[in-house]
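Visitor:
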Amino acid sequence: MKTIITLVFFGLAISQFSANAQSLNIEEVENSIKPDGKYAILASNRRIFESSVRNGENFRTKFTDSEFQIVVVGPIVKELAEDESLIPFVEKCKTNGVKIVLCQVAMAHLGVKKEDLHPYIQTTVGAYQYMFGLQENGFRTLMP
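Residue numbers (mature numbering (1 follows the signal peptide of the UniProt record, and there is no 0)): -21 to -1, 1 to 123.
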């Protein structure tokens, strides 16, 4: 009997939690972003990088006390070193205080040197280690 009562109690508790989470509308979810929040996205290609820059710009414009970082790994690392059409994206990050951090492992694999990069771009030994460190320091992270 105790087992049944316990199961019923937990079942009701879980169903109540699910109902609350599902009752939020889209605007309520979007407005739940903290104005001083810390956010980071892992960008592994040009499409994700450009989208991350636009999102970072929007976040920092709307939430001036927030932090936003783009951690870069994969082929986009080489593109950032060689493709001048990406310079305006880096400049937008600089203007809006969006940090760009490139993976040194990817740089080595792709033959990219620090001096090949825009001066605003920073580097980290490893992108995944850096992302885990951001999580440990309270950042909400996305790794699409």
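In this text, a Cβ means the ideal position worked out from N, Cα and C, and glycines have one as well. Since we're looking at a predicted model, the values are computed, not measured.
1. Would ASP32 pass as a contact of VAL56 if the rule is Cβ separation under 9 Å?
2. Rounded to the nearest angstrom, what separates GLN114 and GLU46 at their Cα positions?
3. Measuring alpha carbon to alpha carbon, tell me which residue in THR43, MET86 and GLU9 is nearest VAL77.
4. Answer with buried or exposed for ILE5, where buried requires no fewer than 16 other C-beta atoms within 10 angstroms of its C-beta.
5. Pick helix, strand or coil for ILE(-18), following the three-state DSSP scheme.
6. Look at the alpha carbon of GLU58 and the alpha carbon of VAL84, and state the distance between them as a whole number of angstroms.
7. Where do the N-terminal and C-terminal ends of the alpha helix (DSSP H) with GLU46 fall, by residue?
8. By Cβ distance, which residues of its chain are closer than 7 Å to TYR109, with the 5 residues on each side in sequence left out?
9. Give the straight-line distance between the Cα atoms of ASN75 and GLU94, rounded to the nearest whole angstrom.
10. If we call anything under 9 Å between Cβ atoms a contact, is TYR18 one with PHE111?
11. Roughly how many angstroms lie between the CA atoms of ALA22 and SER30, to the nearest whole one?
12. Whole-angstrom Cβ separation of ASN24 and PRO67, contact assumed at under 8 Å?
Guide: Let me lay it out:
1. As a working mapping, residue 32 is identified with position 53 in the sequence shown. As a working mapping, residue 56 is identified with position 77 in the sequence shown. With the sequence shown as reference, residue 32 is identified as Val, and Asp is not the correct amino acid for it. Result no, Cβ atoms of VAL32 and VAL56 do not sit closer than 9 Å.
2. Within the sequence shown, the letter at position 135 stands for residue 114. Within the sequence shown, the letter at position 67 stands for residue 46. Each residue's Cα considered, the two are about 13 Å apart.
3. As a working note, residue 77 is residue 98 in the sequence shown. Checked all of THR43, MET86 and GLU9; the closest Cα to VAL77 is THR43.
4. To locate residue 5, count along the sequence shown from 1; it is residue 26. ILE5 is exposed by the Cβ-count criterion.
5. Locating residue -18 in the sequence shown gives position 4, where the first residue counts as 1. The predicted position of ILE(-18) is uncertain, since its pLDDT is 48 and thus under 50; no value can be drawn from it.
6. As a working mapping, residue 58 is identified with position 79 in the sequence shown. As a working mapping, residue 84 is identified with position 105 in the sequence shown. So the alpha carbons of these two residues sit roughly 15 Å apart.
7. Indexing the sequence shown from 1 puts residue 46 at position 67. No alpha helix (DSSP H) contains GLU46, which is instead part of the beta strand (DSSP E) from 46 to 51.
8. Mapped onto the sequence shown, residue 109 falls at position 130. Closer than 7 Å at the Cβ level, and outside the excluded window around TYR109, lie VAL50, VAL80 and THR103.
9. As a first step, residue 75 is located in the sequence shown; it is residue number 96 there, counting from the start. As a first step, residue 94 is located in the sequence shown; it is residue number 115 there, counting from the start. Answer to the nearest angstrom: the Cα atoms are 23 Å apart.
10. Here residue 18 corresponds to residue number 39 of the sequence shown, with the count starting at 1. Here residue 111 corresponds to residue number 132 of the sequence shown, with the count starting at 1. Their beta carbons are not under 9 Å apart, which means TYR18 does not touch PHE111 by this criterion.
11. Along the sequence shown, one-based indexing puts residue 22 at 43. Along the sequence shown, one-based indexing puts residue 30 at 51. For ALA22 and SER30, the distance between alpha carbons rounds to 9 Å.
12. One-based indexing of the sequence shown puts residue 24 at position 45. One-based indexing of the sequence shown puts residue 67 at position 88. At roughly 18 Å, the Cβ-Cβ gap does not stay under 8 Å, so ASN24 and PRO67 are not in contact.
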